[in-house]
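Engineer: Which chain is which? The protein sequence lines are A and B, in order.
Position 28 (the first sequence) corresponds to 38 in our numbering; numbering is contiguous.
Position 98 (the second sequence) corresponds to 108 in our numbering; numbering is contiguous.
Where is the CB? At the ideal position from N, CA and C, for every residue including glycine.
2 protein chains.
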Amino acid sequence: MEIESYVTGFADGEGCFTVSFSKRAKLKTGIEVRPSFSISQNRKSKAVLEEIQKYFGCGFVRFSRGDQTYKYEVRSVSELKQKILPHFEKYPLKTVKKQDFIIFKEIVSLVSENKHRSSNYLKDIIEKSYSMNGSGKRKYKKEELLKLLAR
Amino acid sequence: MEIESYVTGFADGEGCFTVSFSKRAKLKTGIEVRPSFSISQNRKSKAVLEEIQKYFGCGFVRFSRGDQTYKYEVRSVSELKQKILPHFEKYPLKTVKKQDFIIFKEIVSLVSENKHRSSNYLKDIIEKSYSMNGSGKRKYKKEELLKLLAR
Numbered sequence: 011m012e013i014e015s016y017v018t019g020f021a022d023g024e025g026c027f028t029v030s031f032s033k034r035a036k037l038k039t040g041i042e043v044r045p046s047f048s049i050s051q052n053r054k055s056k057a058v059l060e061e062i063q064k065y066f067g068c069g070f071v072r073f074s075r076g077d078q079t080y081k082y083e084v085r086s087v088s089e090l091k092q093k094i095l096p097h098f099e100k101y102p103l104k105t106v107k108k109q110d111f112i113i114f115k116e117i118v119s120l121v122s123e124n125k126h127r128s129s130n131y132l133k134d135i136i137e138k139s140y141s142m143n144g145s146g147k148r149k150y151k152k153e154e155l156l157k158l159l160a161r
Numbered sequence: 011m012e013i014e015s016y017v018t019g020f021a022d023g024e025g026c027f028t029v030s031f032s033k034r035a036k037l038k039t040g041i042e043v044r045p046s047f048s049i050s051q052n053r054k055s056k057a058v059l060e061e062i063q064k065y066f067g068c069g070f071v072r073f074s075r076g077d078q079t080y081k082y083e084v085r086s087v088s089e090l091k092q093k094i095l096p097h098f099e100k101y102p103l104k105t106v107k108k109q110d111f112i113i114f115k116e117i118v119s120l121v122s123e124n125k126h127r128s129s130n131y132l133k134d135i136i137e138k139s140y141s142m143n144g145s146g147k148r149k150y151k152k153e154e155l156l157k158l159l160a161r
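This is how it looks when you write it as C-alpha cells:
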C-alpha cells in the first residue's frame, strides 16, 4: 500500500476543503477568514484519522460532540500551504472535489500573502468560498458578509 | 499516484459491501442471495467510477434515477471472488468498513461454493449479512427470511 495514494483516495470521498468566516470588529475588514481541511469519521474509525494526521505531520484529531464523530482538521495557514496543498498537487483528487481544491488553493495562497486584509481581495475570497461545494452549513449569508465590506 | 492504493482509500470512504436477499419460490431454499460491491457518486464524479471500473476490469457503471447518482457495481460472484476480494486483501481497508469486508469475503466464499443452497448455511449467511454495517435499507426483516427457511 502506498499511503500517499490511499490518503488522496480517502480524502476524495471523505475530505472537506472549507473556508469559513467570522465577524471580528477588531479587524480592519471586520471579517476573519479561516480556511481548513478536515476529514470526519465515526468513533470506530478514529485510527485512520490518526494515521492520516501522522502522515501529514500536522493538524489535530478531536471529538465532535454535536454529531458524535471524530474529526481530523488542519487550520494553520502555513501548514495548509506547506503540507496539505503540496500533497494534493502531487497526488491529485479525481472527483468533483478537485474543483473545490483548486479554489481552496487560491484562497490559501491569498491568505498566506495577507491579501485577505484588503477589502477588495476579501470580497473575491468570499465569492470564491461560497462557490465551493463542500462548504456545508454557513453561519452567515454571503450577502451579509459582502455588505459588511461595503461599509 | 498508485491507483491500487487510491482505490482502497476511495472505497474506504465511499464503497459499500452488501448482501441482499430476494424471495424466489423456484429455489429450494426460497431465497436468492446477491452479494455486491458498489460505489456511488453524483453525476459530476462519474469519471472516477469509470476509472475504477477500468482498474478492476469488471462491473458496470449505471445511473440510478431514484437518487440521481451514478453507481459502479460488481454483482458477479466469480468476479467478486477473482477481482474484488484479492484487491482488498492486498490493499486492505483501514476504517470500520474492514469488518464488513471480512464478513463479505466469508459470504462470497460460501456462495461461490454453492453452500447457500443449503438452509443451514443460508441461515448463517443471513445472520452474517444482517450484522454488516453498510447494508443500507433492507427489503425484508431478518426474522422474515429466517422464518421462510424454518418451514
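1) Can you give me, in chain order, the residues of the region 12-27 of chain A that have a beta carbon less than 8 Å from any beta carbon in chain B?
2) Find out if the Cβ-Cβ distance for the pair residue 135/B, residue 120/B is shorter than 7 Å.
3) Around the Cβ of residue 78/A, are there at least 16 other Cβ atoms within 10 angstroms (buried) or fewer (exposed)?
4) What is the residue span of the alpha helix (DSSP H) that residue 143/A lies within?
5) Mind pulling the chain A residues with CB within less than 7 Å of residue 79/B?
6) I need the straight-line Cα distance from residue 124/A to residue 130/A, nearest angstrom please.
7) Compute the beta-carbon to beta-carbon distance between residue 110/A and residue 27/A, rounded to the nearest angstrom, for a pair I have assumed lies under 8 Å.
8) Just to confirm my understanding: we take residue 23/A, look at its own chain, exclude 5 residues before and 5 after, and list those with CB closer than 8 Å. What are they?
9) For residue 128/A, which residues from the same chain have a beta carbon less than 8 Å from its beta carbon, with the 5 sequence-adjacent residues on both sides left out?
10) DSSP has residue 25/A in a bridge; who is on the other side?
11) Tell me where the alpha helix (DSSP H) around residue 121/A begins and ends.
12) Quick check on the burial criterion: 16 or more other C-beta atoms within 10 angstroms. Buried or exposed for residue 154/A?
13) Could you pull the DSSP bridge partners for residue 43/A from this structure?
Structural biologist: Taking the structure as given:
1) For the region 12-27 of chain A, which is checked against every Cβ of chain B, the residues closer than 8 Å are 12, 13, 14, 15, 16, 17, 18, 19, 20, 21, 22, 23 and 24.
2) It is a contact, given that the beta carbons lie within the stated cut-off.
3) exposed
4) No alpha helix (DSSP H) holds residue 143/A; DSSP gives it neither H nor E.
5) Within 7 Å Cβ-Cβ: nothing; residue 79/B doesn't reach chain A, min ~12 Å.
6) In a straight line, the C-alpha of residue 124/A is about 12 Å away from that of residue 130/A.
7) 5 Å
8) Apart from sequence neighbours up to five positions away, the residues of its chain that approach residue 23/A with a beta-carbon distance below 8 Å are 105, ordered along the chain.
9) 39
10) 49/A
11) Counting along the chain, the alpha helix (DSSP H) containing residue 121/A begins and ends at 107-122.
12) exposed
13) 31/A
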